[in-house]
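If you count the sequence shown from 1, you need to add 67 to reach the working numbering.
Written below as structure tokens is the structure these notes are about.
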Amino acid sequence: MAIPILAVIGPTAVGKTSLSLDFAKALNGEVISVDSRQVYRYMDVGTDKVDPATRRDILHHLIDVVDPDETFSAADFAEQASDAVDRIRARGRVPILVGGTPFYYRAMLDEVLTIDVPSDPEIRRELEAVGEEENGPAKLHSMLAEADPDSASRLHVNDTVRVIRAIEIFRLSGKPSSWWRDRPKKESSRFAPLYFGLTRPRDELHRTIAKRVKQQFHGGYPEEVRWLLDNGFSPELPSMKGFGYRELVLYHMGKMSLEEGIESDTVATRRFSKRQMTWFRKFSPAIWYDLSEKEYNKVLSSMIDKAVHHLRAGGVVL
């Protein structure tokens with residue numbers, strides 16, 4: 068029988084974290100963070116991590132896993148998150164996935180890590196910027212040759228679209244595209260997920276995003292990026308290319324004002340939230356809640372009832 072899994076999904080700043088804490092308390096659960104940025108140590112303010120005191124009260128996994136100059140792929144996440152599920156269940160607790168990185172969910176729960184994996188806009192934007200530099204296509208091809216020699220031997224140096232996609236696949240999965248192309252047909256997933264989706268009206272979500280970005284920029288975010296730079300973490304690292312971090316790098320280089328950084332980060336986050344919803348709407352089975360229309364306690368109560376039914380149907384004794 069497949070292992071029943073609970074997951075709280077939705078766009079950034081919708082309210083996943085606060086609701087998931089109450090959800091976990093009610094179910095004697097532990098949280099597995101599904102966030103491609105929270106895996107990095109020392110990047111706390113910009114990734115909006117749960118504070119250490121809360122993490123001691125409700126155990127969290129897959130936070131602070133690697134340094135900013137280390138590689139962490141969707142394949143790494145799938146392996147470590149699966150191990151976390153087994154450890155949590157062995158302690159008689161309920162694992163709850165919470166976060167907004169769609170391809171991490173797909174890698175673990177759907178076992179979808181192929182050339183059809185959704186594109187990561189941050190990686191794509193970073194690589195496209197490299198391609199626009201002087202000798203950009205050659206730089207990209209050199210990057211591919213280091214990560215995936217087989218694909219590099221097949222792709223022309225000027226075929227930047229396919230070169231970028233091949234690099235992206237490697238970044239996302241930790242495996243070259245040729246590995247996935249030759250991989251035997253996958254077996255059925257050992258997990259049976261139930262997704263709880265959270266939404267808000269677009270205008271309300273945009274206000275929440277703008278408020279959070281301002282709080283971050285005036286709540287230690289510039290100092291966090293300054294510390295990262297002073298301690299040798301290059302602005303060229305993938306971890307430092309995410310929105311917010313890239314703006315503050317420019318701010319510290321004197322190429323952008325703080326207010327310009329806030330505006331740029333806000334716009335990028337809004338666009339990202341829209342892409343998240345495009346991906347999450349395809350997730351199934353999912354139960355969606357509009358947090359603006361129903362009382363918080365009613366939403367939480369409904370989620371708990373449906374979670375208990377899903378777990379018991381999967382053989383979990385509560």
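Every residue gets a Cβ at the ideal spot worked out from N, C-alpha and C, and that includes glycine.
Problem - DSSP three-state assignment for F263, whether helix, strand or coil - result: strand
Problem - For P162, the residue or residues it bridges with in DSSP - result: Looking at the DSSP output, P162 sits in a beta bridge with E97.
Exercise for the section: Could you check how far apart the C-beta atoms of P169 and W355 are, in whole angstroms? I think they sit under 8 angstroms. Expected result: Incorrect: roughly 15 angstroms between the Cβ atoms, too far for contact.
Handout entry: Proximity of Q147 and L126 at Cβ, strictly below 8 angstroms
Key = With a cutoff of 8 angstroms on beta-carbon distance, Q147 and L126 are scored as not near each other.
Handout entry: Any 3 or more C-beta pairs closer than 8 angstroms across the stretch 367–376 and the stretch 132–152
Key = no
Exercise for the section: Give the secondary structure of L126 by DSSP, where H, G and I count as helix, E and B as strand, and everything else as coil. Expected result: L126: coil per DSSP, three-state reduction.
Handout entry: Those residues which DSSP pairs with F258 across a bridge
Key = I70
Practice task
Leaving aside the five residues before and after G203 along the sequence, list all residues of the same chain whose C-beta is less than 6 angstroms from its C-beta, in chain order.
Solution key: V197
Handout entry: Residue range of the unbroken beta strand (DSSP E) whose run includes D357
Key = A353 to D357
Practice task
Within the same chain, show all residues whose beta-carbon is closer than 8 angstroms to that of P352, passing over the 5 residues directly before and after it, in chain order.
Solution key: P260, L261 and Y262
Handout entry: Three-way DSSP call (helix, strand, coil) for L86 in this model
Key = helix
Practice task
Taking only the alpha-carbon atoms, compute the straight-line gap between E97 and K116 and give it to the nearest angstrom.
Solution key: 15 angstroms
Problem - D226 to M210 span [Cα, whole Å] - result: 14 angstroms
Problem - CA nearest to the CA of P135, picked from I72, E327, L304 and F339 - result: L304
Handout entry: Y363, DSSP secondary structure in three states
Key = helix
Exercise for the section: Just tell me which of I234, L295, S301 and A74 has its CA closest to the CA of G166. Expected result: Ranking I234, L295, S301 and A74 by Cα distance to G166 puts A74 first.
Handout entry: CB contact flag (G311, D332, <8 angstroms)
Key = Between G311 and D332, the CB-CB gap stays under 8 angstroms.
Handout entry: Enclosing alpha helix (DSSP H) for M344 [first to last residue]
Key = L325 to F347
Handout entry: Neighbourhood of D102 by C-beta distance below 6 angstroms, restricted to the same chain and skipping five residues each side
Key = G166 and T168
Handout entry: For F339, the nearest candidate out of M68, I190, P162 and I99 (CA to CA)
Key = I190
Practice task
Identify which residue in P71, T79 and A69 has its Cα closest to the Cα of R337.
Solution key: It is T79.
Problem - Member of E330, G321 and V161 whose CA lies at the smallest distance from the CA of G381 - result: V161
Practice task
Would you kindly work out how many angstroms separate the C-alpha atoms of V384 and L176, rounded to a whole number?
Solution key: 22 angstroms
Exercise for the section: Measuring alpha carbon to alpha carbon, tell me which of N364, A374, L358 and G328 ends up nearest V387. Expected result: Beyond the ends of the chain as shown, which are 68 and 385, falls residue 387; an answer cannot be given.
Exercise for the section: Report yes or no: is there a C-beta of chain C within less than 8 angstroms of the C-beta of M323? Expected result: Within the model displayed, chain C is absent; a lone protein chain is all it includes.
Practice task
For Y172, name the three-state secondary structure that DSSP assigns.
Solution key: helix
Practice task
Check the C-beta distance from L207 over to I234 and give it rounded, since I have them as a contact under 8 angstroms.
Solution key: 7 angstroms
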